[in-house]
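Participant: This structure is in structure tokens; I'll ask about it shortly.
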Amino acid sequence: AIREELASAKTPQAELINLIEAKVNKRRTGRSWITCDQLAMAWMIDNIKNRNAAWEALETLETSTKQCHATVELQGRHTRGQMVIDHQSVLKRKPNATILTGVSMPVYQEYLKAAFTGKF
Numbered sequence: 177a178i179r180e181e182l183a184s185a186k187t188p189q190a191e192l193i194n195l196i197e198a199k200v201n202k203r204r205t206g207r208s209w210i211t212c213d214q215l216a217m218a219w220m221i222d223n224i225k226n227r228n229a230a231w232e233a234l235e236t237l238e239t240s241t242k243q244c245h246a247t248v249e250l251q252g253r254h255t256r257g258q259m260v261i262d263h264q265s266v267l268k269r270k271p272n273a274t275i276l277t278g279v280s281m282p283v284y285q286e287y288l289k290a291a292f293t294g295k296f
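Here it is, written out as structure tokens:
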């Protein structure tokens, strides 16, 4: 639904995103559009935008976060070369990562539209 709507934009930005995601979209048939990378970039941009406009009351992308310890598993014990997040503090280590746990969908959709149309 939203992916198809955004993808139909006749802009160089949409063409590039469509080209990058073409292989994944071909295999996706009927499944949800997973936007991990897009969400990470939107969160970063949102943090910078709101930090620079601290005097304004801007609606933020982030609605909730969680502090956790995270590490990259290299030994293959749990996974290989991926981030492992200790959500339940099993390791009893000091939190070193902020995990995004809640998002304002209207704000996120505006970031996605901006990415596809180039209108920020």
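Take the sequence shown: its position 50, counting from 1, is numbered 226 in the numbering used here, and each next residue is one higher.
All residues carry an ideal CB built from backbone N, CA and C; glycine is no exception.
Quantities reported herein were computed from a predicted structural model and do not represent experimental measurements.
If you measure between the beta carbons of F292 and Q189, is that distance less than 8 Å?
Facilitator: Taking the sequence shown and counting its residues from 1, one reaches residue 292 at position 116. Taking the sequence shown and counting its residues from 1, one reaches residue 189 at position 13. A contact, by the Cβ cut-off of 8 Å.
Participant: Roughly how many angstroms separate the alpha carbons of V279 and E235, rounded to a whole number?
Facilitator: Mapped onto the sequence shown, residue 279 falls at position 103. Mapped onto the sequence shown, residue 235 falls at position 59. In a straight line, the C-alpha of V279 is about 11 Å away from that of E235.
Participant: Considering only C-alpha positions, which residue in the set H263, T277 and C244 is nearest to A216?
Facilitator: For the purposes of this step, residue 216 is identified with residue 40 of the sequence shown, where counting begins at 1. That would be T277, whose Cα lies nearest to the Cα of A216.
Participant: So, at 7 Å on beta carbons, what are the nonlocal neighbours of W209 in its own chain, with the 5 sequence-adjacent residues on each side left out?
Facilitator: For the purposes of this step, residue 209 is identified with residue 33 of the sequence shown, where counting begins at 1. Same-chain partners within the cutoff: R179.
Participant: Tell whether a beta-carbon distance below 8 Å holds between C244 and D222.
Facilitator: Translated into positions along the sequence shown, residue 244 becomes position 68. Translated into positions along the sequence shown, residue 222 becomes position 46. No, these two residues do not count as a Cβ contact at 8 Å.
Participant: Taking Cβ positions only, does T255 come closer than 8 Å to chain D?
Facilitator: In the structure shown, chain D cannot be found, because there is only a single protein chain.
Participant: By how many angstroms is the C-alpha of I224 removed from the C-alpha of Y287?
Facilitator: Within the sequence shown, numbered from 1, the residue matching residue 287 stands at position 111. Within the sequence shown, numbered from 1, the residue matching residue 224 stands at position 48. Rounded to the nearest angstrom, the two C-alpha atoms are 13 Å apart.
Participant: Candidates A273, A246 and T255: which alpha carbon is nearest L267's?
Facilitator: Residue 267 sits at position 91 when you count from the first residue of the sequence shown. Checked all of A273, A246 and T255; the closest Cα to L267 is A246.
Participant: Would you mind giving the Cβ-Cβ distance between T187 and T241, rounded to the nearest angstrom? I have them listed as a contact below 8 Å.
Facilitator: As a working note, residue 187 is residue 11 in the sequence shown. As a working note, residue 241 is residue 65 in the sequence shown. Their Cβ separation, rounded to whole angstroms, is 32 Å, which puts T187 and T241 out of contact at 8 Å.
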